[in-house]
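Those letters in the sequence shown? Residues 13 to 417, per the numbering used here, in order. Let me begin by presenting the structure, written as structure tokens, before commenting on it.
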Amino acid sequence: MDFAFSPRARELQSRLRSFMEQHVYPAEAVYDRQLAGADDPHALPPVMLELKEKARAEGLWNLFMSHGDWGAGLTNLEYAPLAELAGRSIIGPEVFNCSAPDTGNVELLALFGTPGQQERWLRPLLEAEIRSCFAMTEPDVASSDPRNLRTRITRDGDSYLVNGHKWYTSGILDPDCRLIILMGVTDPEAPTYRQQSMLLIPRDTPGITVLRDLPMFGYTDRLGHGDVLFEDVRVPATNLLGGEGDGFALAQGRLGPGRMHYAMRAVGFAERALELMCRRVLDREAFGGPLADQGVVREWIARSRIEIEQVRLLVLKSAWLMDTIGNAAARMEVAAIKVAALEVAHRVVDRAVQAFGAAGVSDDTVLARLFAITRALRIADGPDEVHLRTVARQELAKYTKKGAA
């Protein structure tokens with residue numbers, strides 16, 4: 013295994029690190045103030061527009077996109093450390109047009125979209141002219157199992173009609189959201205994993221009602237997490253992504269790189285939390301000396317460093333495997349990193365919260381928000397249990413194949 017980064021990747025890391033230090037970290041407080049003072053809690057703060065313009069001007073743009081001539085053309089291994097650096101700030105990925113849910117939706121459109129679909133939706137997304145959302149999760153079923161989905165996509169002449177109830181449709185409340193990629197059932201009688209399809213739905217299509225904006229552990233996200241009703245939503249049949257029954261396969265194709273992105277951003281969360289913890293315990297005194305002199309605090313720091321290094325190596329191995337043998341062959345590793353990275357990030361953030369005491373649970377630092385995010389992401393994009401099931405199934409298969417001892 014060769015985890016050495018290419019000269020281009022090292023150069024991009026250096027430039028991105030400098031950009032984060034010079035522009036992104038100093039803008040975090042400005043972003044929060046502008047968002048708090050806005051009439052619409054989902055409107056893009058002006059400082060983000062400024063940051064995006066600077067990032068684009070410096071060529072730090074669409075770094076996640078590896079397909080064709082659409083983006084930077086980096087491998088997963090080259091992009092992984094960049095995702096970590098951007099992930100050190102909650103606002104970081106959006107600055108470089110590398111934030112979810114657009115990244116996954118762009119992947120879908122690049123891989124499976126028709127030329128017409130790409131021209132209408134993909135190009136504007138890559139230019140940050142519009143935003144998008146992904147509607148899969150449903151409130152009335154365990155939708156981590158796509159066989160449970162109840163939303164129906166019904167053919168009606170040259171159109172499809174959509175009826176269903178989705179929630180935690182992240183991004184739908186952003187005023188710039190113009191596209192919904194929805195997963196629903198086109199044929200409930202088809203084989204299990206051929207029942208679902210994906211449909212491209214313009215946000216302003218009649219019949220779409222956002223019932224409420226759902227919080228995440230009490231936090232209101234700028235992009236919004238919509239509780240959404242679809243009632244006789246009619247779209248042209250040409251808006252089908254891929255073919256009928258391709259929905260599950262498309263979702264799997266979307267999730268491989270996406271889980272690597274999540275995992276490396278989680279490593280970034282953990283690094284930010286560890287840095288804050290170290291600075292705090294060196295600065296604060298209790299029981300006759302700096303908190304950093306306490307044995308338990310040193311153990312927190314040591315364990316955090318060890319765990320971060322371990323999970324980073326696991327993610328880099330997964331990225332390398334995705335590049336060399338493909339997403340499908342690296343399925344077990346991709347499932348493993350989604351579990352491991354978020355667990356580590358959450359533990360490190362939890363230790364940092366403890367080190368900060370009362371300040372750790374306030375909004376005076378980013379830690380409380382990171383605590384909420386790292387916990388919520390152990391459910392989003394597939395709960396831990398689904399990924400553990402995948403890992404266990406692949407491990408057991410080694411011993412149940414014909415001829416195994």
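Note that the Cβ used here is the ideal one computed from N, Cα and C, for glycine as well.
Nonlocal neighbours in the same chain, by C-beta distance under 8 Å from Met-365, ignoring five residues either side:
The sequence given here places Val at residue 365; Met does not occur at that position. Only Gly-372, Val-373, Leu-379, Ala-380, Phe-383 meet the Cβ criterion.
Smallest Cα separation from Leu-252: which of Leu-223, Met-289, Met-210?
Met-210
Counting pairs of Cβ atoms below 8 Å between the region 169-183 and the region 138-158, do you hit three or more?
yes
Taking the straight line between their C-alpha atoms, what separation do you get for Met-195 and Trp-332?
30 Å
Quick check: what's the CA-CA separation for Leu-56 versus Thr-412?
When rounded, the distance between both Cα atoms is 53 Å.
Could you give the DSSP three-state label for Ala-367: helix, strand or coil?
helix
Check the DSSP bridge columns for Ser-209 and list the partner residues they point to.
Gly-196
Are Leu-75 and Leu-97 close, meaning C-beta to C-beta below 7 Å?
no
Would you call the region 332-344 and the region 398-409 touching, i.e. three or more CB-CB distances under 8 Å?
yes
Alpha carbon to alpha carbon, how far is Val-356 from Ala-417? Give it in angstroms, no decimals.
For Ala-417, the pLDDT reaches just 43, beneath the cut-off of 50, and the residue's location in the model is therefore unreliable, leaving the point undetermined.
Between Gly-124 and Gly-238, what straight-line distance do the alpha-carbon atoms span, to the nearest angstrom?
Per the sequence shown, the amino acid found at residue 124 is Phe instead of Gly. Annotation: Phe-124 to Gly-238 spans about 26 Å, alpha carbon to alpha carbon.
For Val-327 and His-35, I'd like the C-alpha separation in whole angstroms.
Approximately 27 Å, taken between the alpha carbons.
Going by DSSP in three states, Val-420 sits in which element: helix, strand or coil?
Any property of residue 420 remains undetermined from this structure, which presents the chain solely from 13 to 417.
What does His-177 pair with, by DSSP beta-bridge criteria?
Leu-241
Cα separation between Ala-21 and Thr-217?
Rounded to the nearest whole angstrom, the C-alpha separation of Ala-21 and Thr-217 is 42 Å.
Which stretch, first to last residue, makes up the beta strand (DSSP E) that contains Arg-45?
Premise fails: Arg-45 lies in the alpha helix (DSSP H), 37-49, not in any beta strand (DSSP E).
Sufficient close CB pairs (3 or more, under 8 Å) joining the region 217-229 to the region 36-46:
no
Would you kindly work out how many angstroms separate the C-alpha atoms of Ala-202 and Arg-159, rounded to a whole number?
11 Å
Does DSSP put Met-148 in a helix, a strand or coil?
coil
In its own chain, which residues sit with a C-beta less than 7 Å from the C-beta of Leu-262, not counting the 5 before and 5 after it?
Leu-120, Phe-124, Met-210, Leu-253, Gly-254
From the DSSP output, in three-state form, read off Arg-164 for me.
strand
Just reading off the alpha helix (DSSP H) that Leu-223 is part of, what are its end residues?
For Leu-223, no alpha helix (DSSP H) encloses it; the enclosing beta strand (DSSP E) starts and ends at 220-225.
Short of 6 Å in beta carbon distance, which residues of its chain neighbour Glu-319, apart from the five on each side in sequence? Order them along the chain.
Cβ neighbours of Glu-319 beyond the five flanking positions: Val-356.
Would Asn-175 pass as a contact of Gly-268 if the rule is Cβ separation under 7 Å?
no
Decide if Gln-207 is buried, meaning its Cβ has at least 16 other Cβ atoms within 10 Å, or exposed.
buried
Could you work out which residue in Ala-388, Ser-171, Tyr-231 is closest to His-54 when comparing CA atoms only?
Tyr-231
Quick one: grab the DSSP three-state call for Ala-417.
In this prediction, Ala-417 scores a pLDDT of 43, lower than 50, which makes its location untrustworthy; no coordinate-derived value is stated.
Terminal residues of the continuous alpha helix (DSSP H) containing Asp-393?
From DSSP, Asp-393 is part of no alpha helix (DSSP H); its letter is neither H nor E.
Going by C-alpha distance, which of Thr-198, Val-153, Pro-187, Arg-143 is nearest Asp-168?
Of Thr-198, Val-153, Pro-187, Arg-143, the residue nearest in Cα terms is Thr-198.
Enumerate, from N- to C-terminal direction, the unbroken alpha helix (DSSP H) stretches of 4 or more residues contained entirely within the region 320-375.
343-368
Excluding the five sequence neighbours on either side, which residues of its own chain have a C-beta within less than 8 Å of the C-beta of Thr-377, listed in chain order?
Leu-288, Phe-368, Ala-371
Identify every residue that forms a DSSP beta bridge with Arg-143.
Cys-189
Apart from the five residues just before and just after Ser-101, which ones in its own chain have a Cβ nearer than 7 Å to its Cβ?
Met-32, Val-36, Tyr-37, Glu-40
Classify Ser-26 as helix, strand or coil using the three-state DSSP reduction.
helix
I'd like to know whether the C-beta atoms of Val-279 and Arg-324 end up nearer to each other than 7 Å.
yes
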